[in-house]
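The numbering of the sequence shown is the UniProt record's numbering, which starts it at 1 and goes up by one. Ideal Cβ placement from N, Cα and C applies to all residues, glycine included. Notes follow once the structure below has been shown.
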Amino acid sequence: MSLKRQNAIMQAVRARGTCSITDLATELDVSTETIRRNIPPLLATGVLARFHGGVMVPEGREEPPFQRRMHINYAAKKAVAACVRAYIHDGDSLILDNGTTSAYVAEALQNHSNLTVITHSVQIAYRLSARNGNRVFMAGGELSGEDGTATGPSVISFIQQFQVRYAILSVAGICLDGEFGNFHLFEADFAQAALQQAQEAWIIADESKFGREAPVKVCQLGAVDAIVTSAPPPEPFAARCVEEGVRILLPEQEGVAAPRQGG
């Protein structure tokens, strides 16, 4: 039995809440027999519970929603974060929102120094404050119990006090006609305000976001300077990026020196 395999099973079940044996075998590209061999230790320790045909996170042990979302497409999100890290320099200033991809970006930047970070996310602030001379400014407002995010008009007023080099913003969906969307109105309001405070606006989104619809419009393609993603976007969208002068930054470009634009 493999500890690595068991960890992969746990991550898959946490991302979905429940999984059949067949689904786990397909997702991890192994046989159903391999899955069945590795599940008993997880059942014995109580981290998984069995139901007919599959396994689930036991009631009372389920992770908070933000932590569950951290497991979804985590490899792609980490690749996006590593790409961002290659372009951000010590001493840069940035606004980061409350997305899980943004949290991975914050983790990737933990060895940077003298950053100025403006955020409304406790998750982001926790990862970057009190490190290497960084200054982290945390917006105040009503705190969400789900992910530790401040919300409300005071958050928007707060970030409007700052001018930063980068607004690095996550989105829930990217329509192939060039529209970015989120699921919640306040997330869109935050992103729209952040766009106005930055010299450069970057969208961070793993490849699963392309072609996915989200009901609340954030902005059109022409409002951003770059999209950092985990794989090349569909060709029609990539062509629109060329037309609009929007850079597509990919993990394989990591280590390429970032062109400095403007002041």
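Can you look up residue i in the DSSP assignment and give me helix, strand or coil?
| i | result |
| --- | --- |
| L55 | This sequence places Val at residue 55; Leu is not what is there. V55 falls in the strand class under three-state DSSP. |
| I88 | coil |
| E252 | helix |
| V117 | strand |
| A76 | helix |
| A82 | helix |
| A167 | strand |
I think residue i touches residue j, with their Cβ atoms under 8 Å apart; what is that distance to the nearest whole Å?
| i | j | result |
| --- | --- | --- |
| I35 | I72 | Rounded, the Cβ-Cβ distance is 20 Å, inconsistent with contact. |
| A226 | L249 | 6 Å |
| A191 | D97 | 6 Å |
| Y166 | D92 | 7 Å |
| A12 | L24 | 6 Å |
| G148 | V122 | 3 Å |
| I118 | F137 | 5 Å |
| A103 | I156 | Between I156 and A103 the Cβ distance is about 21 Å, and since that is not below 8 Å, they are no contact. |
| M56 | G17 | 6 Å |
| Q197 | F162 | 6 Å |
Quick one: Cα of residue i to Cα of residue j, how far?
| i | j | result |
| --- | --- | --- |
| G54 | I21 | 5 Å |
| A106 | I39 | 33 Å |
| C19 | F51 | 9 Å |
| N7 | Q110 | 25 Å |
| P232 | C175 | 15 Å |
| G211 | P58 | 33 Å |
| R85 | A108 | 6 Å |
| L94 | P215 | 26 Å |
| A188 | A44 | 44 Å |
| R247 | A238 | 9 Å |
| E200 | R127 | 23 Å |
| S31 | V47 | 22 Å |
| V164 | V242 | 25 Å |
| P236 | E244 | 13 Å |
| A160 | P251 | A quick correction: the sequence has Gln, not Ala, at residue 160. In a straight line, the C-alpha of Q160 is about 31 Å away from that of P251. |
| I204 | S129 | 21 Å |
| C83 | E146 | 28 Å |
Tell me which same chain residues have a C-beta within less than 6 Å of the C-beta of residue i, skipping the five on either side of it?
| i | result |
| --- | --- |
| C219 | F180 |
| residue 273 | Nothing can be reported for residue 273: it is not among the residues displayed for the chain, which extend from 1 to 263. |
| H112 | D90 |
| R135 | T116 |
| L185 | V216 |
| N132 | S113 |
| T100 | R69, M70 |
| F158 | A139 |
| A49 | M56, P58 |
State yes or no: is the beta carbon of residue i nearer than 9 Å to at least one beta carbon in chain C?
| i | result |
| --- | --- |
| R135 | Absent from the structure is chain C; it holds one protein chain and no more. |
Between residue i and the ligand HEM, is there a pair consisting of the residue's CB and a ligand heavy atom that are separated by less than 8 Å?
| i | result |
| --- | --- |
| P232 | No copy of the ligand HEM occurs in the structure displayed, which carries no ligand at all. |
So, at 8 Å on beta carbons, what are the nonlocal neighbours of residue i in its own chain, with the 5 sequence-adjacent residues on each side left out?
| i | result |
| --- | --- |
| S154 | A139, G140, G141 |
Using a Cβ-Cβ cut-off of 7 Å (strictly less than) and excluding sequence neighbours within five positions of residue i, which residues of its own chain qualify?
| i | result |
| --- | --- |
| G173 | G181, K209, R212, E213, A214 |
| R240 | G178, L221 |
Enumerate, from N- to C-terminal direction, the unbroken beta strand (DSSP E) stretches of 3 or more residues contained entirely within the stretch 180-249.
198-204, 216-220, 226-228, 247-249
Please give the ranges of any alpha helix (DSSP H) in the UniProt domain "HTH deoR-type" (2-57), keeping only runs that are unbroken, at least 4 residues long and fully inside the region.
3-16, 21-28, 32-44
What are the start and end residues of each continuous alpha helix (DSSP H) run of 4 or more residues lying completely inside the stretch 109-164, in chain order?
122-128, 153-159
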